[in-house]
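Read in order, the letters of the sequence shown are residues 17 to 264 in the working numbering. Ideal placement from N, C-alpha and C gives every residue a C-beta, glycine not left out.
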Amino acid sequence: MKHYSRAMLFTACIASTLLYAGAVPAQDAAPEPVKCLWVGTAAHNEPIMDDVLRDIGENYPSVAVTVTENIDDLKIENLKNYDVLLLLQIKAENGNPPEEVKQGIADFLKGGGGLVAVHFAVANVQEWRDSIDIFGAMWVNGKSTHDPYHEFRVDVADETHPIVEGVKPFTTQDELYFNLLMRPDMHIIMTADQERMGHTVPEPMLATHYCYNARCVYFALGHDVKSVEPPEYRKIVVQSIEWAACRR
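Encoded structure:
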């Protein structure tokens with residue numbers, strides 16, 4: 017595993033308990049960073065996340081990321097050490113993770129962990145039937161598709177949501193997924209317009225849902241290095257991790 021975190025917290029010790037009225041309370045210690053296990057740095061077998069991870073490690077002290085490519089790290093014995101699981105690509109044979117991995121992710125969510133699924137994750141494990149309920153979306157071969165890689169604008173559908181605090185509409189270059197199988201209860205936060213057959217459809221780019229009462233995020237963007245360059249992209253990823261951990 018690789019660790020992308022900074023030594024950015026000061027340790028505060030409180031020497032005594034307040035025993036009488038009128039005493040001045042000590043200031044609260046800074047919260048520990050959200051511990052995030054990040055699975056996969058490649059989409060479609062092209063490494064894309066090195067600069068994103070470096071940026072998070074240097075500029076976002078609220079999050080401490082551990083990166084792995086090892087599918088065995090998705091067993092509950094390891095997952096219980098983290099607050100949030102971020103999935104970009106699971107290296108599962110034939111698109112179907114081992115039962116221990118499936119159960120590990122379920123147990124992690126049941127235990128209060130959060131989840132963020134990014135871009136290729138929803139296409140990566142199509143043979144895992146229950147992944148639609150966990151990730152919120154699923155790419156279905158023969159149904160789901162996208163236009164050729166191109167530049168498009170990403171709009172904010174819910175300006176009040178904490179994940180998009182400080183995020184304005186932005187332009188990116190990416191694959192604009194559409195016709196995915198999606199949970200009907202997804203809360204849509206960001207969209208991008210897809211033109212087809214003479215009409216415009218605002219396709220979901222960022223959405224949230226709950227699984228086992230755990231907070232889960234689906235973020236559709238992140239095809240290649242160019243796609244993850246916008247500063248808004250990195251901010252959304254970090255704030256998705258924070259929201260999934262109940263920190264916003």
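Residue i and residue j closer than 7 Å at C-beta
| i | j | result |
| --- | --- | --- |
| residue 140 | residue 87 | no |
| residue 72 | residue 240 | no |
| residue 52 | residue 83 | no |
| residue 151 | residue 246 | no |
| residue 264 | residue 200 | no |
| residue 242 | residue 189 | yes |
| residue 113 | residue 155 | no |
| residue 91 | residue 109 | no |
| residue 132 | residue 233 | yes |
| residue 95 | residue 124 | yes |
| residue 50 | residue 261 | yes |
| residue 173 | residue 204 | yes |
Presumed contact (8 Å Cβ cut-off) between residue i and residue j, rounded CB distance
| i | j | result |
| --- | --- | --- |
| residue 103 | residue 56 | 7 Å |
| residue 238 | residue 134 | 5 Å |
| residue 175 | residue 194 | 23 Å between Cβ atoms; not a contact. |
| residue 192 | residue 153 | That pair is no contact at about 14 Å. |
Burial state of residue i (16 or more Cβ within 10 Å)
| i | result |
| --- | --- |
| residue 128 | exposed |
| residue 244 | buried |
| residue 251 | buried |
| residue 37 | Because residue 37 sits at a pLDDT of 39, beneath the cut-off of 50, its placement in the model cannot be relied upon, and the following sentence gives the value as read from the coordinates. Counting Cβ neighbours within 10 Å, residue 37 comes out exposed, since fewer than 16 surround it. |
| residue 236 | buried |
| residue 99 | buried |
| residue 158 | exposed |
| residue 231 | buried |
| residue 46 | exposed |
| residue 89 | buried |
| residue 93 | exposed |
| residue 248 | buried |
| residue 74 | exposed |
Item to complete: Would you be able to state if there are at least three C-beta pairs under 8 Å between the region 250 to 259 and the region 179 to 190?
Response: yes
Taking 8 Å as the threshold, find out whether the region 214 to 226 comes into contact with the region 114 to 121 through three or more Cβ pairs. no
Quick one: any contact between the region 155 to 170 and the region 205 to 214, if contact means 3 or more CB pairs under 8 Å? Touching, per the Cβ criterion.
- Message: Give the list of continuous beta strand (DSSP E) stretches no shorter than 3 residues that lie fully inside the region 165 to 241.
- Response: 166 to 172, 186 to 190, 203 to 212, 215 to 227, 230 to 235
At which residue ranges does the region 87 to 134 contain complete beta strand (DSSP E) runs of 3 or more residues, listed in the order of the chain? Unbroken beta strand (DSSP E) stretches of 3 residues or longer found wholly inside the region 87 to 134: 100 to 103, 130 to 134, given in chain order.
Fill in: Segments of 4+ residues assigned as alpha helix (DSSP H) that fall wholly inside the region 44 to 94
66 to 75
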